[in-house]
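Going down the list, the protein sequences come from chains A and B.
Position 71 (the first sequence) corresponds to 79 in my numbering; numbering is contiguous.
Position 204 (the second sequence) corresponds to 212 in my numbering; numbering is contiguous.
All residues carry an ideal CB built from backbone N, CA and C; glycine is no exception.
Quantities reported herein were computed from a predicted structural model and do not represent experimental measurements.
Reviewing the structure listed below.
There are 2 protein chains.
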Amino acid sequence: MNTTPTNTSTDFFEVVKSRRAVKQYDASYQMSEAELKELLEIAGRAPSSWNLQHWKFFVITDQDAKQRLLPIAYGQQQVVDASAVIAVLGDLEANRNAEAVFGPAVAAGLMSAEVKQNLVAQINGAYTIPTVPRDEAIRNASLAAMTLMLAARAKGLDTCPMGGFDAQKFVEEFRVPSRYLPVMLITVGKAAQPGRPSNRFPVEETIVWNRF
Amino acid sequence: MNTTPTNTSTDFFEVVKSRRAVKQYDASYQMSEAELKELLEIAGRAPSSWNLQHWKFFVITDQDAKQRLLPIAYGQQQVVDASAVIAVLGDLEANRNAEAVFGPAVAAGLMSAEVKQNLVAQINGAYTIPTVPRDEAIRNASLAAMTLMLAARAKGLDTCPMGGFDAQKFVEEFRVPSRYLPVMLITVGKAAQPGRPSNRFPVEETIVWNRF
Chain A
9 MNTTPTNTST DFFEVVKSRR AVKQYDASYQ MSEAELKELL EIAGRAPSSW NLQHWKFFVI
69 TDQDAKQRLL PIAYGQQQVV DASAVIAVLG DLEANRNAEA VFGPAVAAGL MSAEVKQNLV
129 AQINGAYTIP TVPRDEAIRN ASLAAMTLML AARAKGLDTC PMGGFDAQKF VEEFRVPSRY
189 LPVMLITVGK AAQPGRPSNR FPVEETIVWN RF
Chain B
9 MNTTPTNTST DFFEVVKSRR AVKQYDASYQ MSEAELKELL EIAGRAPSSW NLQHWKFFVI
69 TDQDAKQRLL PIAYGQQQVV DASAVIAVLG DLEANRNAEA VFGPAVAAGL MSAEVKQNLV
129 AQINGAYTIP TVPRDEAIRN ASLAAMTLML AARAKGLDTC PMGGFDAQKF VEEFRVPSRY
189 LPVMLITVGK AAQPGRPSNR FPVEETIVWN RF
C-alpha cells in the first residue's frame with residue numbers, strides 16, 4: 009500500500025510548527041530516487057562557509073543496507089521502516105572544494121583570478137587551524153540537515169534526526185572515507201504514528217539582549 | 009524611513025529559493041524586540057540532541073554595541089547597518105539543561121522518575137567524551153541558526169551568516185561566559201541591495217547511494 013503522505017501546508021511557519029521527530033514509519037511507503045534527489049537539492053541550498061558545501065548525503069534505501077544499519081543504530085526499528093535513512097556527512101577537507109566553487113566565477117568573468125587565488129589561500133590557511141575542519145564540517149552539514157528536515161515536512165513527509173548511533177561502526181560498516189564525518193542520521197518517510205510534541209524553554213530564557 | 013520589507017511568499021520552497029546572503033542593509037530599518045523574539049521563538053523550534061536546546065541567542069541591536077562589534081567583524085559594515093546581529097551561541101554544558109527539560113515530563117506523569125534518572129545519567133556520561141560538548145554545541149546551534157535564517161526570509165527580511173569574525177575578541181568584548189561558544193553571527197534586517205545568487209554543485213555530486 010503505497011499511500012500518499014498526509015497532505016500538509018507548505019506555509020513556512022506551519023512547516024516549522026508541524027515538524028516532529030517521527031520514530032514510527034509506514035514500512036510499505038517508498039520514495040523514488042527522484043523524490044529523494046529533489047529533497048537533497050533543496051537541502052543543498054543551505055548556505056555554507058565560503059560556499060564550500062561541506063556536505064555529502066549518504067542515502068540508504070536498500071533493505072539489506074538498512075538491516076546492516078539496525079544494530080549500529082542500537083536496534084531502532086525506524087531505520088528499517090523509514091523510506092530512507094540519510095546520513096548527513098560533513099566534509100573534513102572542504103577546502104579542497106574551493107577551486108571547483110570559485111573556478112566557474114573566474115571563467116564567467118565574475119571574479120578575477122587574483123581574488124580567487126587569495127580566497128583559496130585564505131581558506132587553506134584557515135584549514136590549518138586544528139579546530140576548523142571538524143567545526144566547519146559539523147556546522148555546515150547541520151545547516152543542510154535542518155533544511156532537509158523542513159523540506160521533507162513541506163512535502164508531507166516526516167523525519168527524525170538521530171544522534172544515537174555508533175559513528176565508528178557506521179564508518180567501518182559502510183566504508184565511509186576518512187574525508188567525511190557522520191554528523192547526523194535522518195530517517196525520512198511516511199509517519200505511521202505522529203511524533204510527540206516536545207516542549208521548549210520560554211523564548212525569553214534563550215535570549216540575551218546586548219550585554220551579558 | 010522605516011519602510012515595510014519586500015513582501016515575499018511564505019511558501020517553504022520559495023523561502024528556501026529566495027534566501028541569499030545579504031550584505032547591504034537599510035540602516036534606517038528597525039526591528040522591534042517583539043519581532044526579534046518571534047523569529048527566535050521559531051528558531052528555537054529546531055530539534056536538538058535530547059531536546060537540550062543547545063543555543064543561546066545574543067542579540068545586538070544597540071548602536072554602541074554594533075560599533076564595538078565592527079572591528080571584531082573585520083570592518084564589515086553590515087553588522088552596523090543590519091537591524092540586529094544575532095550571535096548564535098552553542099551551549100558547551102547543555103547537559104546541565106537535562107533536569108529542566110525532563111523534570112516537567114515527570115511532573116506531568118509522562119515520564120517516570122527512573123527513566124528520567126537514566127536519561128540524565130546517559131547524557132552526563134556522553135558529556136564526558138571530549139568531543140561531545142563542542143560537537144553538540146555546534147551541531148544543534150546550527151540547526152537553530154538555519155531555522156532562524158529561513159524564518160527571517162519568510163517574514164520578508166534578509167540575513168547573512170557570518171563566520172568571518174574574531175571569536176576570541178568577540179568573547180572578550182561582550183564577556184560571553186565560557187559556557188557558550190560563538191557558532192555563527194547572523195545579521196538580519198531589510199536588504200538595501202539584493203544578495204547575489206550563488207551556485208551549488210550538481211545534486212548528483214552530493215549524493216552517494218547505499219554504498220561508497
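When DSSP states are grouped into helix, strand and coil, B:F66 belongs to the strand group. For A:A121, the enclosing alpha helix (DSSP H) covers residues A121 to A134. The beta-carbon of B:R183 is placed less than 8 Å from the nearest beta-carbon of chain A. For B:I215, the enclosing beta strand (DSSP E) has its first and last residue at I215 to W217.
In the three-state scheme derived from DSSP, where H, G and I count as helix and E and B as strand, B:P79 is classed as helix. Closest option to B:K163, judged by alpha-carbon separation, among B:A51, B:A35 and B:K31: B:A51. In terms of beta-carbon proximity, B:I68 lines the interface with chain A, with at least one pair separated by less than 8 Å.
The three-state reading of DSSP puts A:M39 in coil, since its state is none of H, G, I, E or B.
Per DSSP, reduced to three states, the secondary structure at A:I94 is strand. A distance below 7 Å between beta-carbons, with the five flanking residues on each side excluded, links B:Q61 to the following residues of its chain, in chain order: G52 and N105. Non-local C-beta neighbours of A:E144 in its own chain, meaning closer than 7 Å and more than five positions away in sequence, comprise S57, H62 and A102, ordered along the chain.
CA-to-CA, the gap between B:L47 and B:V191 works out to about 18 Å.
Proximity of the region 19-37 of chain B to the region 114-128 of chain B falls short of the contact definition, fewer than three beta-carbon pairs being nearer than 8 Å. Not flagged as an interface residue toward chain A: B:V128, since no C-beta distance is shorter than 8 Å.
According to the DSSP secondary-structure assignment, A:M192 is paired through a beta bridge with A:V96. Against chain A, the CB of B:I137 has no partner CB under 8 Å away; the residue lies outside that interface. Within chain A, K64, F65, F66 and V67 have C-beta atoms less than 8 Å from the C-beta of B:V216, given in sequence order. In the DSSP assignment, B:P141 falls within the unbroken alpha helix (DSSP H) covering V140 to A162. Two segments are said to touch when three or more pairs of C-beta atoms, one from each, lie closer than 8 Å; by this definition the region 82-99 of chain B touches the region 164-182 of chain B. Boundaries of the alpha helix (DSSP H) harbouring A:P112: A106 to A115, taken from the DSSP string. Of the candidates B:S150, B:Q86, B:G172 and B:G133, the residue whose Cα lies closest to the Cα of B:G203 is B:Q86. Here B:V196 is not near A:V67, since their CB atoms are 8 Å or more apart. In the three-state scheme derived from DSSP, where H, G and I count as helix and E and B as strand, B:A175 is classed as helix. Neighbours of B:S206 across chain A, judged by C-beta separation under 7 Å: N59.
Bridge pairing for B:D72: absent [DSSP]. A Cβ of chain B is located within less than 8 Å of the beta carbon of A:M154. Under the criterion of beta carbons closer than 8 Å, A:T155 and B:F65 do not qualify as touching, at roughly 19 Å.
Taking 8 Å as the CB threshold, B:T18 lines the interface with chain A.
Note that the C-beta distance between B:I146 and A:R147 is below 8 Å.
With a threshold of 16 other beta carbon atoms within 10 Å, A:L77 meets it and is buried.
For A:D89, the enclosing alpha helix (DSSP H) begins and ends at Q86 to D89. Not flagged as an interface residue toward chain B: A:I194, since no C-beta distance is shorter than 8 Å. Here DSSP, grouped into helix, strand and coil, assigns B:A102 to helix. Taking a beta-carbon distance threshold of 8 Å, A:R53 counts as an interface residue toward chain B.
Taking 8 Å as the CB threshold, B:G171 lines the interface with chain A. At a cut-off of 8 Å between C-beta atoms, B:E49 counts as an interface residue with respect to chain A.
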